[in-house]
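With the first letter of the sequence shown counted as 1, position 163 gets the number 169 in the numbering used here; the numbers rise by one all the way through.
In this text, a Cβ means the ideal position worked out from N, Cα and C, and glycines have one as well.
Remember, it's a predicted structure, so these values are computed and weren't measured experimentally.
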Amino acid sequence: MELDRYKLHFAPLQGYTDSVFRNAFDKYFGGIDVYYTPFIRIEKGSFRNRDVRDIQPERNTVRTLIPQILPGSRDEFCRLTDLLIEKGYSSADINLGCPFPLIAAKRKGAGMLPYPDQVAEVLNAGNEYPEMRFSVKMRLGWENVSECIDVCNITNALRLEHITIHARTGKQQYKGGTHPEAFAAFYEISSHPLFYNGDVHSVEEIRQIIQKFPLLRGVSMGRGLLSSPFIGKEFKENATFSLQQRMFSFFSFHEALFSAYSEVLQGEIQLLTKMKTLWEYFLPETDRKLLKCIKKAQRLSQYTEAVRKILAV
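Quick look at the structure:
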């Protein structure tokens with residue numbers, strides 16, 4: 007099997023993978039073919055300022071970046087797509103996968119999946135933009151994994167670059183096991199290239215997935231890359247990196263984040279809160295006592311002292 011033909015995508019995570027994070031990750035870890043922005047949505051009739059800032063081309067240095075949009079109607083789809091075109095983008099990823107109840111209750115994200123007529127209305131709006139390339143990120147369903155089959159009947163008739171499937175239902179959020187059988191059912195009938203997403207945390211798991219589903223275009227990872235940032239590079243280069251190499255990259259990545267966030271966030275509390283967020287997934291094998299020191303830190307000096315102990319620098 008020619009592993010080099012498979013692509014690795016970095017799935018977006020709200021609150022984590024902003025432009026600062028993406029740029030630093032690409033520089034110090036790499037191995038990723040495509041990055042996605044956290045979803046852009048319309049809130050109270052307008053775009054959120056932080057979403058617009060995050061997609062500004064001058065803020066992003068990764069080679070390939072695809073903004074993700076969260077429309078709930080044809081009108082929202084068009085407004086969001088028009089924004090991307092205005093910013094110079096020619097690709098967009100459509101979110102039908104967000105599992106958070108506040109989003110799903112508005113029939114957005116995975117909450118739209120039980121309503122195929124609404125899915126069709128939203129996705130068919132892409133026909134009005136022949137100059138744009140569209141992809142879809144979705145769950146197997148909101149409550150029932152069979153919902154994806156109804157959606158597949160819609161997507162098969164559309165012009166899409168690919169579909170990424172998180173192999174859970176929306177109601178599961180990120181809990182419980184994935185549903186490989188339901189993913190296989192979608193895989194068998196989809197006319198579009200597919201990416202697998204859900205609980206991929208190691209190179210071996212990537213290889214197992216593409217061996218089971220050899221017609222995949224590739225694998226999409228989110229939390230797995232946050233916790234094990236070298237996965238992409240290890241897979242692409244078929245390499246293993248020494249502890250010294252890894253710790254140096256971890257430290258350099260952390261310092262790049264710290265420096266960049268220092269310039270855009272205001273005050274010690276904002277910076278401290280943002281950096282603490284990183285450690286919710288980053289290096290999960292870290293000694294619990296040191297992670298507790300980070301969580302309890304009230305001053306940046308306390309935080310940086312704990313980090314230096316963890317990264318041994």
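Residue i classed as buried or exposed, judged by whether at least 16 other C-beta atoms fall within 10 angstroms
{"i": "L89", "result": "buried"}
{"i": "A17", "result": "buried"}
{"i": "A116", "result": "buried"}
{"i": "D99", "result": "buried"}
{"i": "L86", "result": "buried"}
{"i": "R47", "result": "buried"}
{"i": "K301", "result": "exposed"}
{"i": "R305", "result": "exposed"}
{"i": "E153", "result": "buried"}
{"i": "T283", "result": "exposed"}
{"i": "I216", "result": "buried"}
{"i": "A110", "result": "buried"}
{"i": "Q74", "result": "buried"}
Same chain only: Cβ atoms within 8 Å of residue i, ignoring 5 sequence neighbours per side
{"i": "D32", "result": "I38, Y41, T67, V68, R69"}
{"i": "S233", "result": "H207, Y287, F288, L289, P290"}
{"i": "R223", "result": "Y12, K13, H168, P199, L200, F201"}
{"i": "E243", "result": "G37"}
{"i": "A266", "result": "V26, N29, A30"}
{"i": "C158", "result": "F192, I195, S196"}
Same chain, Cβ closer than 7 Å to residue i, five either side skipped, listed in chain order
{"i": "L166", "result": "F140, S141, V142, H198"}
{"i": "F236", "result": "F35, F247, R252"}
{"i": "A131", "result": "R80, F83, C84"}
{"i": "Q20", "result": "P44"}
{"i": "Y193", "result": "L200, F219"}
Cutoff 6 Å; reference residue i; Cβ partners in own chain excluding five residues on either side
{"i": "A262", "result": "A30"}
{"i": "D24", "result": "D60"}
{"i": "K114", "result": "L76, G78"}
Local conformation of residue i per DSSP, three classes
{"i": "Q124", "result": "helix"}
{"i": "G176", "result": "coil"}
{"i": "K114", "result": "coil"}
{"i": "N130", "result": "helix"}
{"i": "A5", "result": "No information on residue 5 is available, as it lies outside the stretch 7 to 319 that the chain covers here."}
{"i": "R305", "result": "coil"}
{"i": "L317", "result": "helix"}
{"i": "K143", "result": "strand"}
{"i": "F106", "result": "coil"}
{"i": "L119", "result": "coil"}
{"i": "L71", "result": "strand"}
{"i": "L76", "result": "coil"}
Open item on the list: Going residue by residue through the region 209 to 296, where are the continuous alpha helix (DSSP H) segments of at least 4 residues, counting only ones entirely within it?
Closed with: 209 to 218, 229 to 233, 237 to 243, 249 to 270, 273 to 284
Open item on the list: For the structure I just gave you, are there three or more beta carbon pairs, one from the region 194 to 213 and one from the region 225 to 233, closer than 8 Å?
Closed with: Taking 8 Å as the limit for Cβ pairs, the verdict is that the region 225 to 233 does touch the region 194 to 213.
Open item on the list: Which complete alpha helix (DSSP H) runs does the region 8 to 66 hold, if anything under 4 residues is left out?
Closed with: 25 to 34, 55 to 60
TODO: Answer yes if the region 46 to 58 comes into contact with the region 259 to 275, meaning at least three C-beta pairs across the two stretches below 8 Å, and no otherwise.
DONE: no
TODO: Within the region 150 to 197, note down every full alpha helix (DSSP H) run reaching 4 residues or more, in order along the chain.
DONE: 153 to 161, 186 to 195
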